[in-house]
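Numbering (our numbering), first residue to last: 1 to 141.
Cβ atoms here follow ideal geometry from the backbone N, Cα and C, with glycine treated the same way.
Working notes, structure below.
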């Protein structure tokens with residue numbers, strides 16, 4: 001009995017540590033973007049680059065409910081730090097933050113209608129025709 005309880009506790013711990021799904025960075029299915037490197041995504045979402053690798057103007061989209069998880073997984077920073085970063089860039093005239101939306105459906109809509117748009121969603125919510133250009137693995141908590 002004691003062995004079974006220990007096994008159950010270990011199983012629950014392992015399930016909880018993997019409870020979070022990965023985050024999929026997505027692009028328009030008809031765009032030329034097949035994949036991006038992690039550094040490219042960091043540079044676009046942190047305002048260092050405003051263009052895609054082939055030179056087109058990038059339109060990054062932030063999904064508000066997933067934003068904290070995304071930036072924590074991407075750059076290991078909390079939202080307060082990200083907001084401070086963007087406040088400095090905006091104040092100095094060196095950039096503007098990604099377009100922020102509150103619903104996943106809006107991310108899909110914007111990405112589907114703009115070949116230069118990049119968005120992110122919970123990988124568990126992917127649709128069949130979605131083009132995933134990068135899979136961001138979350139560290140277990």
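Residue 129 to residue 29 span [Cα, whole Å]: Along the chain shown, read from residue 1 onward, the residue named residue 129 stands at position 129. Along the chain shown, read from residue 1 onward, the residue named residue 29 stands at position 29. Approximately 7 Å, taken between the alpha carbons.
For residue 101 and residue 74, believed in contact at Cβ under 8 Å, the rounded distance: Within the chain shown, numbered from 1, the residue matching residue 74 stands at position 74. Within the chain shown, numbered from 1, the residue matching residue 101 stands at position 101. Contact between residue 74 and residue 101 is ruled out by a C-beta separation of about 18 Å, above the 8 Å threshold.
Cβ-Cβ separation, residue 116 to residue 37 (assumed contact under 8 Å), whole Å: If you number the chain shown from 1, residue 37 lands on position 37. If you number the chain shown from 1, residue 116 lands on position 116. Their Cβ separation, rounded to whole angstroms, is 17 Å, which puts residue 37 and residue 116 out of contact at 8 Å.
Those runs of the alpha helix (DSSP H) which lie wholly inside the segment 76 to 116 and span at least 4 residues: Every alpha helix (DSSP H) stretch that sits fully inside the segment 76 to 116 and reaches 4 residues is listed by chain position as 79 to 91 and 104 to 113.
Backbone CA spacing between residue 98 and residue 92 [nearest angstrom]: Translated into the one-based positions of the chain shown, residue 98 becomes position 98. Translated into the one-based positions of the chain shown, residue 92 becomes position 92. Looking at the two C-alpha atoms, the distance is approximately 16 Å.
Residues bridged to residue 34 (per DSSP): Mapped onto the chain shown, residue 34 falls at position 34. According to DSSP, which records beta bridges pairwise, residue 34 is partnered with nothing at all.
For residue 140 and residue 6, the rounded distance between their alpha carbons: Along the chain shown, one-based indexing puts residue 6 at 6. Along the chain shown, one-based indexing puts residue 140 at 140. Reliability fails at residue 6, whose pLDDT of 32 lies under 50, so the model's placement of it is uncertain and no value is given.
Cβ pair residue 24, residue 132 closer than 8 Å: Taking the first residue of the chain shown as position 1, residue 24 is located at position 24. Taking the first residue of the chain shown as position 1, residue 132 is located at position 132. Against a cut-off of 8 Å, the Cβ pair of residue 132 and residue 24 comes out as a contact.
Residue 87 and residue 79 closer than 8 Å at C-beta: Position 87 of the chain shown, counted from the first residue, corresponds to residue 87. Position 79 of the chain shown, counted from the first residue, corresponds to residue 79. No, the Cβ-Cβ distance between residue 87 and residue 79 is not below 8 Å.
Extent of the continuous beta strand (DSSP E) to which residue 24 belongs: Position 24 of the chain shown, counting from 1, holds the residue named residue 24. From DSSP, the beta strand (DSSP E) with residue 24 extends over 23 to 27.
Cβ-Cβ distance between residue 21 and residue 123 below 8 Å: Against the chain shown, residue 21 aligns to sequence position 21. Against the chain shown, residue 123 aligns to sequence position 123. It is a contact, given that the beta carbons lie within the stated cut-off.
Three-state secondary structure assigned by DSSP to residue 74: Taking the first residue of the chain shown as position 1, residue 74 is located at position 74. Three-state result, residue 74: helix.
Cβ separation of residue 44 and residue 118, assumed to be a contact under 8 Å, to the nearest whole Å: Position 44 of the chain shown, counted from the start, is the residue given in the question as residue 44. Position 118 of the chain shown, counted from the start, is the residue given in the question as residue 118. Their Cβ separation, rounded to whole angstroms, is 7 Å, which keeps residue 44 and residue 118 in contact under 8 Å.
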